[in-house]
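Asker:
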Amino acid sequence: MVVILLIIVVLAGGAGGYVWSMMRPVEASTEPVVFEIMSGSGTSKIADQLQEEGLIRSGLTFKGYLKWKKLGSNFMAGTYSMNPGVTYDEIVSKLSSGEVVPEEMVKFTIPEGYTVLQMAGKLSYEHVVDRDEFIKLANDPSAFDVDFVKDIPVDEELRYVLEGYLFPETYELKKGSSTQDVMQRMLEEFQTKINSIPDLEAKLQEKNLSLHELLTIASLVEKEVVVDEERALVAGVIYNRINQDMKLEIDATVQYLLDKPKERLFFKDLKVQSPYNTYLNKGLPPGPIASPSLPSIEAALNPEASEYLFYVTKKDGSSGHLFAKTYKEHQQNIAKSKAAQ
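Going by this note's numbering, the first residue of the sequence shown is number 995, and it counts up by one from there.
1. For Glu1150 and Lys1144, what's the separation of their Cα atoms in angstroms?
2. Do the stretch 1288 to 1301 and the stretch 1267 to 1280 meet, that is, are 3 or more Cβ pairs less than 8 angstroms apart?
3. Is it right to say Leu1252 is buried, meaning 16 or more other beta carbons lie within 10 angstroms of its own, or is it exposed?
4. Any chance you could list the alpha helix (DSSP H) runs of at least 4 consecutive residues sitting entirely within the stretch 1049 to 1116, in chain order?
5. Tell me, please, whether the stretch 1068 to 1082 touches the stretch 1250 to 1267 by the rule of three or more beta-carbon pairs shorter than 8 angstroms.
6. When you compare only the Cα positions, how much space is there between Leu1005 and Leu1054?
7. With Val1122 as the anchor, note down where its alpha helix (DSSP H) starts and where it stops.
8. Should His1315 go down as buried or exposed, given a rule of 16 or more other Cβ atoms within 10 Å for buried?
9. Which residues mark the beginning and the end of the alpha helix (DSSP H) in which Lys1039 is found?
10. Just reading off the beta strand (DSSP E) that Ala1318 is part of, what are its end residues?
11. Looking at the strands, I want to know which residues DSSP matches up with Glu942.
12. Exposed or buried, what is Val1248 when buried is set at 16 or more other beta-carbons lying within 10 Å of its beta-carbon?
13. If you reduce the DSSP assignment to three classes, tell me which class Ile1031 lands in.
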């Protein structure tokens, strides 16, 4: 009887020693092991994966350890990085807290007033998007899941359907995001910004404007104004000219049609045949000519009342404007501006 008990003790001790040896960390290394725990993976699969990755000696022992300690039910999916030599407790802690490898991100900025073509060029140069695909998708709103997209007019005269809707902002996305993902994010940002404007729908109805028309006016303001304080005043001039059935005659609408913007437009440039040319056509162009900032959108929604019908850029380096109620005053302002050069 004593012999049998002795044998049992020896066997138990041997088994315990084996289990203990299997629980010991593997040989330490400074070379991290990066692996992914897929969503829905159970503790058994995770244990086997850890053994295959060389992070533990025995998947079976790790399973037993988890069962004994009642652990593993809260392990999180994701990509992890661990160095060989980690203990069971360290592994459990990382998997339970979701201490995943930070995803590599790419950061980029879309300046206010950029056009679709400018965005495509900049982001392609920065290796964020494919230029041709960006331009193609700018005319395919059905490719995106954003509420307002369905309200963009179906108009063959639009140069780019999404012009003006890709919000100018600094973004950070996962590296390797597709061109469509990048544009989706920009459209979502536009939706967020628009939703932040108080009483937007009521004000649009009051002005008998669609969001598309508002955005078109805002884009004109964005391209015409540098001094923030003048945004609402310039917006008011645009409304005044429309209400008096005057052509807007905004240089930026002509610049939009040129392959490369010019420092100075010539009379021949003003004769470019296009529905966007506000020197030839009354009313608003078919759509936005750039992506306006939120202040320009708000200025278009809340224009400053005045009797002004004209404005000219000051040539004194201030980037401001001289405003006039009559054409005669406007001519005087032009002369005054030139004299300040």
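In this text, a Cβ means the ideal position worked out from N, Cα and C, and glycines have one as well.
Answerer: Taking the geometry as given:
1. The residue given as residue 1150 occupies position 156 in the sequence shown. The residue given as residue 1144 occupies position 150 in the sequence shown. A direct Cα-to-Cα measurement between Glu1150 and Lys1144 gives close to 15 angstroms.
2. By the Cβ criterion, the stretch 1288 to 1301 is not in contact with the stretch 1267 to 1280, since fewer than three pairs of Cβ atoms, one from each stretch, lie closer than 8 angstroms.
3. Taking the sequence shown and counting its residues from 1, the one referred to as residue 1252 is at position 258. Exposed, since its Cβ has fewer than 16 Cβ neighbours within 10 Å.
4. DSSP runs (the alpha helix (DSSP H)) wholly in the stretch 1049 to 1116: 1053 to 1063, 1082 to 1091.
5. No: the two stretches stay apart, fewer than three of their Cβ pairs being nearer than 8 angstroms.
6. Reading the sequence shown from its first residue, position 11 is the one you call residue 1005. Reading the sequence shown from its first residue, position 60 is the one you call residue 1054. Only weak support exists for where Leu1005 lies, its pLDDT of 39 falling under 50; the value from the coordinates is given anyway. For the pair Leu1005 and Leu1054, the Cα-to-Cα distance works out to about 19 angstroms.
7. Counting from one through the sequence shown, the residue named residue 1122 turns up at place 128. Looking at the DSSP string, Val1122 is not in any alpha helix (DSSP H), and its letter there is neither H nor E.
8. One-based indexing of the sequence shown puts residue 1315 at position 321. A residue is called buried when at least 16 other Cβ atoms come within 10 angstroms of its Cβ; His1315 meets this threshold and is buried.
9. Along the sequence shown, read from residue 1 onward, the residue named residue 1039 stands at position 45. Taken as a continuous stretch (DSSP letters only), the alpha helix (DSSP H) holding Lys1039 covers 1037 to 1046.
10. Reading the sequence shown from its first residue, position 324 is the one you call residue 1318. 1315 to 1318 is the span of the beta strand (DSSP E), which, as asked, contains Ala1318.
11. Coverage of the chain is limited to positions 995 through 1335, which leaves residue 942 absent and any answer about it impossible.
12. Indexing the sequence shown from 1 puts residue 1248 at position 254. Under this definition Val1248 is a buried residue.
13. As a working mapping, residue 1031 is identified with position 37 in the sequence shown. Note: Ile1031 maps to strand in three-state DSSP.
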